[in-house]
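Residue numbers (this note's numbering): 943 to 1173.
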């Protein structure tokens, strides 16, 4: 049994299991045909977003493929904020595929992107990507009484939580240590180096999708200054 329904909702021919809905397409001045089941299916992700590496100044694109009962309402988010189509971003959604095109990729475009798809019976969001090190900690050497910066680069869905350890002891930011995470780079800055700072350092990165860690060794060269007093 079938209902034929125009976009304004008037029933032209009535029966019931499958509803054929004509939607007017302003771009082509034609009609689109959608098939509705009496048991509509909520959207589900067929093709998840993949981690993207882009070259500065080039165009980049992300794709998401969905299954379920059309029509779908699709939106894209960057760092949990809705993206609107403009000169920087172009959103193309057709049938079960949605694509986000980023024009002239630059460092400010680095972030966590998600695709949100909904229909009359459900809503789904692309999965978070676990953190991955794109550059791990290096072994480093530095001089006594100097400063050193340990860093590693990460990819993955934000928010990412960073913890630093010296051997098995967690490091907290204070006068000696400064821990920061900015534009997907985790930094550990150590000041006033002494021989006791020669050690193994570990960076642990966590988000809701997973945990990853890497380690490197710092070698402090030279002797600490000695204070001599004459008796």
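Cβ coordinates follow ideal geometry from the N, Cα and C atoms, glycine included.
- A straight-line Cα-Cα distance of about 19 Å links residue 1143 and residue 1087.
- Beta-bridge annotation (DSSP): residue 1151 is not paired with any residue.
- Here residue 1147 is buried: its Cβ has 16 or more other Cβ atoms, across all protein chains shown, within 10 Å.
- Short of 6 Å from the beta carbon of residue 1009, and not among the five residues preceding or following it, lie these beta carbons of its own chain, in chain order: 986, 988.
- In the DSSP annotation of this structure, the continuous segment of the beta strand (DSSP E) that includes residue 1061 starts and ends at 1055-1061.
- A direct Cα-Cα distance of roughly 11 Å separates residue 1004 from residue 1031.
- Per the Cβ contact rule, the stretch 1120-1134 is in contact with the stretch 1089-1104 (3 or more Cβ pairs under 8 Å).
- In this model, residue 1100 and residue 1053 are separated by some 7 Å (Cα to Cα).
- The secondary-structure analysis by DSSP pairs residue 1108 across a beta bridge with 1111, 1143.
- Scanning its chain for C-beta atoms nearer than 6 Å, with the 5 sequence neighbours on each side dropped, one finds around residue 1058 the residues 1017, 1067, in chain order.
- Excluding residues up to 5 positions away in sequence, 1081, 1142 lie with their Cβ nearer than 6 Å to the Cβ of residue 1159 in the same chain.
- Taking each of 1015, 1038, 1104 in turn and checking the Cα distance to residue 1061, the smallest one comes out for 1015.
- For residue 989, the enclosing beta strand (DSSP E) begins and ends at 986-989.
- Shown here, residue 1137 sits in a helix according to DSSP, grouped into three states.
- From the listed residues 1050, 1020, 1106, 1019, the smallest Cα separation to residue 997 is found for 1050.
- In this structure, the beta-carbon distance from residue 1064 to residue 984 falls below 8 Å.
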